[in-house]
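Below: the structure, in structure tokens.
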Amino acid sequence: PRQTEGPYYTPGTPRRSSFLEPGGKAERLVLTGRVVSPRCLPVAKALLDFWHCDENGEYDNAGFRYRGHLFADAAGRFRLETIFPALYPGRARHIHVKVQAPGRRLLTTPLYFPGDARDALWRPELTVAMAQQPRGKAAAFQFIVDA
Ligand code: FE
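Add 36 to the 1-based position in the sequence shown for our numbering, that's all there is to it.
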């Protein structure tokens, strides 16, 4: 499903697969997943543009901290290294994303976390699968993009 992009999207993000900063103390999060068609076939080379708040619940609206885009591979797989975003008032914890697969409709939505239904926008279909690993959290999500 599509949902609001919220007020804090900045276009023209850098291309990168890690938002981590030297010396950062926030808990790490690795988000992996796939982009597929409604028939569950891999969709190659989608652009995924992610943004989320920092460890204090604030967005960087002047620069590109915790903002960036990457491309899924030929099998539709992607991997982003970042931090576990903080909560900010009034919202369930989330990571924003725009998914633009070649020749398909732009998908804009937040991704949510399990068991965090603290606002009316949180939806189980938009919730990542979580695992705890020695070096931080791992999250997984499969995007289904329509034509
Ligand atoms: Fe937000």
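Here a beta-carbon is modelled for each residue, glycine too, at the ideal position from N, C-alpha and C.
Item to check | Same chain, Cβ closer than 7 Å to residue 92, neighbours up to 5 away in sequence not counted | outcome: 122
Checklist entry - Helix, strand or coil for residue 160 per DSSP? => result helix
Checklist entry - Near residue 178, which residues of its chain fall below 7 Å by C-beta distance, leaving aside the five closest residues on each side in sequence? => result 69, 70, 72
Next on the checklist: Quick check: the Cα distance between residue 56 and residue 143, rounded to an integer number of angstroms?
Outcome noted: 25 Å
Item to check | Close Cβ partners of residue 50 (< 8 Å) along its chain, the five nearest in sequence each way excluded | outcome: 100, 103, 104, 105
Checklist entry - From the DSSP output, which residues share a beta bridge with residue 145? => result 133
Checklist entry - In this structure, does DSSP put residue 151 in helix, strand or coil? => result coil
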